[in-house]
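Per the working numbering, the sequence shown starts with residue 2, numbered consecutively.
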Amino acid sequence: GDFVVNYAGMQVFVDEFSASFVKGSQIDFVAGLMGAGFTVQNPNAKKSCACGQSFDTGENAETAQKCS
2 GDFVVNYAGM QVFVDEFSAS FVKGSQIDFV AGLMGAGFTV QNPNAKKSCA
52 CGQSFDTGEN AETAQKCS
């Protein structure tokens, strides 16, 4: 089962495996010159790739994968 968080009229779904990796994260919608979209500020991320699609929590020896 997924966890469902209701906030400001929106629903966010997080799968059970990922929940501990994104705990405490803040999601925001940003509109700018490069476009618009959601950003995630994750206090658990110790290292991430340049585009933010991959991150490492530092709990294992693996590092964030390169962007494709």
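The C-beta atom is built at its ideal place from N, Cα and C for all residues, glycine as well.
Next on the checklist: Between Asn45, Asp3, Ser19, which has its C-alpha nearest Gln12's C-alpha?
Outcome noted: Across the set Asn45, Asp3, Ser19, the C-alpha of Asp3 shows the shortest separation from the C-alpha of Gln12.
Item to check | First and last residue of the uninterrupted alpha helix (DSSP H) at Phe22 | outcome: It spans 20-23 - the alpha helix (DSSP H) in which Phe22 sits, taken as one unbroken run.
Item to check | Three-pair Cβ contact test at 8 Å for the stretch 32-39 versus the stretch 13-24 | outcome: No: fewer than three Cβ pairs fall under 8 Å.
Next on the checklist: Taking the straight line between their C-alpha atoms, what separation do you get for Pro44 and Asp57?
Outcome noted: A direct Cα-to-Cα measurement between Pro44 and Asp57 gives close to 11 Å.
Next on the checklist: Rounding to the nearest angstrom, what Cα-Cα distance links Thr40 and Ile28 in this structure?
Outcome noted: When rounded, the distance between both Cα atoms is 6 Å.
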